[in-house]
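Notes follow the structure.
Okay, here's the thing in structure tokens:
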């Protein structure tokens, strides 16, 4: 299967340099793929898709008829990250998570950063995910963001930027593990000669982290459960996958009950106490007594049990205050404020529509910018200027004028590309990267993460709900010469 | 002592129903397969044969309303492929899969993959005219259900959840064996003119084949006699589809779940199950026939239903006493939550 006609088309390609030659770290992989005949490669790809369906590795699409499941398309060509570049990404992520956690703890206690006017108070008080219910709470070890999935992108300048901090209930890590497994099953020959860092130990590390945050008075082996909204949630597969791999109970809201400010699960033999909950339900639905009263998914009284220190919740409620696209713009300032250091990983330049000057610039340049709703996820509520129609731009102009606080804008990035199988040949498709970071005793970064790929030609939207697929991500254990992209 | 891992009430319910639905699908597949074979041996109108399948299913009223007179096509459609019939093979496999999907972390991966595959296979089929492919199709369905049972017994720890699987499977099977015997016995006895003719044997063979029991019956009794067939299907100690066998095993699973000492009971379900088991232990078949088989089987099905309800009340639908923050209860939730995918 040849790359002879493959074109980088002026984009930064993760596999080939600007002259069209394979990058050092990709040469072996390119040679291996080139040595396969076309039929062999296509068979591997088809067998991977069949396995996904057999294993039931699917997600639900909202708005589709109930129970519609799709596989998250998988592409066999991996994305490679050199050891040198990864070491830098890892340092940058650890710095960022440490600071974001510090920020959340500050916001729910002394609010020094607001008093020192580094961030305007109104930005925080108007953030959708700011929860006054959390003021004064001290979660175990002062950790608020136990599991984070930060979105990174590489622009045409070769630089990696942080695009979003997903602090609330980030999903996708199951695909990282399944993609690697699938790759080993269907395409083992490509691993030869390369030292790819394993990812299989993630569930074990996740469990260890969850056990370290057990509440005071819990045994050394606290009872950990994973709380899911149920089988109709789009990420249900992941919930059951992680529970299975960790060997913990997968519970729904109806399985849990609060008595005497403690959380219990309803079993065939009566009530059993629960110590740590990895909750995959958003704050809004977590506790009808504290948040949305119409939620049937959550557990009445669970916030009170958490406040009393009788149960640990991961992630901590309220941590979404740092997961707001306006607050995002202030993260570099936070890093300087709390740590006295410059950020290692840069932010994408961001215009805040609530600032008059920024808003005027945004409205005048809607055709060039990407506009995002400050608190939506999943690629919803977004305008990609260069790909938009005049009517869409008018709609967004009206939305921005009506609720300037809710919108930010960023330059349209020329996301880097990776060769991707299209029918019977390879074409470049844009990708991003979501590494997963755990924070218990210390901060740990899973090597690699989820590489999402926009399968539609030219598309910059990688979300699974919007025609995205995924690829395996290879972090190499040692770096070949000239492997740095810094 | 290491405390055994507790089983969530919801999970117990899901594995129990997963097993029941798969067993139900397998039984329907077997009846249809036997009937397809039987009609080749019988002269004249096969409609009555197909109607008897509908009677066995217990969904006669629904069928009558939607289809009227029974033919091979509409019966096979209704019992196997009909999305709106909650007890069709398709619906059973869909429900089994939904239940399995909600407890993937409790059952083994192999079990989940097998249920998923059964469902995906069924969902990709639709009924086309012509019957040539049907016997093989239903044979495959039966085999895949057997495979599921084998996988379950070989890959899942025989823990509390596994005992709920077995409890569901055995109660469903006992119910189905009693239904097929009830309907066929009622249908066959009046045709005294057939007694001693080849057709009589063909019919009784079909009854036994419907529970995969013909060969095992022959080894034990030889000639086909209604009395012996009833004894075999209701009372046999060792045949795995006899009612006695199923209830004995269901009772064993229930006691494994509760840990209650034999001869005593702690839960209502244990008491009802124990009563039924000892009745089967100590009732001679001739007493049953003298007092009327239909009445006996009808009462038996009622007792199995009561046990089913009691299991639900004892282990699944119980609510704790004491003060808890309240809200309205809802078993199913379809509310979409904003995940961050």
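Residue numbers (the numbering used here), protein chains in the order written: chain A, 1 to 486; chain B, 487 to 827. By construction, the Cβ of each residue, glycine as well, lies at the ideal position given by its N, Cα and C atoms.
Which residues in chain B have a C-beta closer than 8 Å to the C-beta of residue 218 (chain A)? List them in chain order. Under the 8 Å cutoff, chain B gives no residues; its nearest Cβ is about 15 Å from residue 218 (chain A).
In whole angstroms, what is the alpha-carbon distance linking residue 515 (chain B) and residue 623 (chain B)? Counting only the Cα atoms, residue 623 (chain B) lies some 9 Å from residue 515 (chain B).
Cβ-Cβ distance between residue 175 (chain A) and residue 77 (chain A) below 9 Å: no
Where residue 654 (chain B) sits in the DSSP three-state scheme: Helix, per DSSP.
Please check the pair residue 80 (chain A) and residue 152 (chain A), which I expect to be a contact at CB under 8 Å, by giving their CB distance rounded to whole angstroms. Wrong, their Cβ atoms sit about 15 Å apart, outside the cutoff.
Does the structure place the segment 291-302 of chain A close enough to the segment 245-258 of chain A that three or more beta carbon pairs sit under 8 Å? Yes: the two stretches touch, three or more of their Cβ pairs being nearer than 8 Å.
In chain order, what residues of the segment 233-254 of chain A put their CB closer than 7 Å to some CB of chain B? So the list reads 233, 234, 235, 240, 243, 244, 249, 250, 251, 252, 254, given in the order they occur along the chain.
What ranges does the alpha helix (DSSP H) occupy inside the segment 489-527 of chain B, keeping only unbroken runs of at least 4 residues that lie completely in it? Qualifying alpha helix (DSSP H) stretches, in chain order: 495-527.
When DSSP builds the beta bridges, which residues end up paired with residue 13 (chain A)? A:417
Nearest chain B C-beta to residue 265 (chain A) closer than 9 Å, yes or no? yes
Residues of chain B with CB closer than 8 Å to the CB of residue 272 (chain A), please, in chain order. Within 8 Å Cβ-Cβ: 492.
Got a sec? Which residues, its chain only, sit under 7 Å from residue 352 (chain A) by beta carbon, not counting five neighbours each side? Its chain contains 326, 329, 358, 408 as the residues whose beta carbon lies nearer than 7 Å to that of residue 352 (chain A), once the 5 sequence neighbours on both sides are disregarded; these appear in chain order.
How about residue 280 (chain A) and residue 212 (chain A): are their beta carbons less than 9 Å apart? Taking 9 Å as the cut-off, the beta carbon of residue 280 (chain A) is found no closer than this to the beta carbon of residue 212 (chain A).
Alpha helix (DSSP H) containing residue 184 (chain A): first to last residue? Start and end: 173-186.
Output needed for residue 806 (chain B): all residues of its chain with C-beta closer than 8 Å, excluding positions within five of it in sequence on either side, in chain order. none
Determine which residues share a DSSP beta bridge with residue 323 (chain A) and list them. Answer is none; residue 323 (chain A) lacks a bridge partner.
Does the Cβ of residue 670 (chain B) have 16 or more other Cβ atoms within 10 Å, making it buried, or fewer, making it exposed? buried
Cβ of residue 282 (chain A) within 9 Å of Cβ of residue 418 (chain A)? no
Rounded to the nearest angstrom, what separates residue 339 (chain A) and residue 266 (chain A) at their Cα positions? 45 Å
Measuring straight from C-alpha to C-alpha, what distance separates residue 776 (chain B) and residue 782 (chain B)? 10 Å
At a CB-CB cut-off below 9 Å, which residues of chain B make contact with residue 214 (chain A)? Listed along chain B, no residue sits closer than 9 Å to residue 214 (chain A) by beta-carbon distance, the nearest being about 17 Å off.
Going straight from the alpha carbon of residue 549 (chain B) to that of residue 756 (chain B), what length do you get? If you take the alpha carbons of residue 549 (chain B) and residue 756 (chain B), they lie about 36 Å apart.
Against chain B, with Cβ distances strictly below 9 Å, would residue 340 (chain A) count as a contact? no
Could you tell me how far apart the beta carbons of residue 835 (chain B) and residue 497 (chain B) are, in whole angstroms, since I believe they sit closer than 8 Å? Residue 835 (chain B) is absent from the model: chain B starts at 487 and stops at 827.
Indicate whether the contact test is met: 3 or more Cβ pairs, each with one atom in the segment 649-656 of chain B and one in the segment 535-545 of chain B, closer than 8 Å. no
Okay, do the segment 31-45 of chain A and the segment 449-469 of chain A touch, 3+ Cβ pairs below 8 Å being the bar? no
Please decide whether residue 160 (chain A) counts as near chain B, where near means a Cβ-Cβ distance under 9 Å. no
Here's the rule: buried if 16 or more other CB atoms are within 10 angstroms of the residue's CB, otherwise exposed. What is residue 422 (chain A)? Residue 422 (chain A) comes out exposed.
What are the residues in the segment 599-630 of chain B lying within 8 Å of chain A by C-beta distance? 599, 602, 603, 606
Quick check on residue 338 (chain A): does DSSP put it in helix, strand or coil? helix
Residue 312 (chain A) at chain B interface by Cβ criterion, 9 Å: no
If you compare alpha carbons, which of A:34, A:277, A:119 is closest to residue 147 (chain A)? A:277
At which residues does the beta strand (DSSP E) containing residue 70 (chain A) begin and terminate? Per DSSP, the continuous beta strand (DSSP E) segment holding residue 70 (chain A) begins and ends at 69-71.
Just the chain C side, please: which residues come within less than 7 Å of residue 184 (chain A) by C-beta, in chain order? Within the model displayed, chain C is absent; protein chains A and B are what it includes.
Counting along the chain, where does the alpha helix (DSSP H) carrying residue 373 (chain A) start and finish? Premise fails: residue 373 (chain A) lies in the beta strand (DSSP E), 369-373, not in any alpha helix (DSSP H).
Nonlocal neighbours in the same chain, by C-beta distance under 8 Å from residue 215 (chain A), ignoring five residues either side: 140, 222, 275, 276, 309, 310, 311, 312
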